[in-house]
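Novice: A single structure is presented below for examination.
Residue numbers (our numbering): 901 to 1060.
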């Protein structure tokens, strides 16, 4: 009816699912999603490079660079994060350089190295996830207090 293929429809549903995930995600989850997006773009670039699809490879690498630069690197708080944030900033800079060099030189090994570094960072980030059990327990303790605070009160006034 609209001239689109079933694949385009599936891509649209996938995009909606991803966008819904972004709106519902906490900050920790958003960073994981950025790592996943960069890793997926690098995997695509590796496959495209090996298949000789130069234009597609370039788009995938550009997408990975954008995620690392404008997502992961931009989210660093260097004032609060101190030396760790500075080190991550330098590492993200190195990854970006490797990705750009891989694109120019058609170097799969630089893509693989970038993928490995991002995967290790993702794994470390996943390990420091906020403790959902502690958050849920705190919410369960607070909920009765909130309900009690909102409950109607009996008047203690005495009529004369």
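Glycine is no exception: its CB is placed at the ideal position from the N, C-alpha and C atoms.
Note that the coordinates shown come from a computational prediction; the quantities given were computed from them, not determined experimentally.
So, using beta-carbon positions, are residue 1029 and residue 928 closer together than 7 Å?
Specialist: On the chain shown, residue 1029 is found 129 positions in, with the first residue counted as 1. On the chain shown, residue 928 is found 28 positions in, with the first residue counted as 1. Yes, they are a contact pair.
Novice: Do residue 967 and residue 938 have their beta-carbon atoms positioned less than 7 Å apart in this structure?
Specialist: Counting from 1 along the chain shown, the entry for residue 938 is found at position 38. Counting from 1 along the chain shown, the entry for residue 967 is found at position 67. In this structure, residue 967 lies closer than 7 Å to residue 938 by Cβ.
Novice: Tell me where the alpha helix (DSSP H) around residue 1022 begins and ends.
Specialist: Your numbering for residue 1022 matches position 122 in the chain shown. Segment 1008 to 1027, the alpha helix (DSSP H) holding residue 1022.
Novice: Per DSSP, what kind of secondary structure is residue 997 in: helix, strand or coil?
Specialist: By 1-based counting over the chain shown, the position of residue 997 is 97. Residue 997: helix per DSSP, three-state reduction.
Novice: Within 8 Å, do at least three Cβ pairs link the segment 993 to 1005 to the segment 966 to 982?
Specialist: In short, these stretches touch, since the Cβ pair count reaches three.
Novice: Whole angstroms are fine: how far does the CA of residue 942 sit from the CA of residue 982?
Specialist: The residue given as residue 982 occupies position 82 in the chain shown. The residue given as residue 942 occupies position 42 in the chain shown. Spanning the two alpha carbons is a distance of roughly 29 Å.
Novice: Taking only three categories from DSSP, how would you classify residue 976?
Specialist: Counted from its first residue, the chain shown places residue 976 at position 76. Coil, per DSSP.
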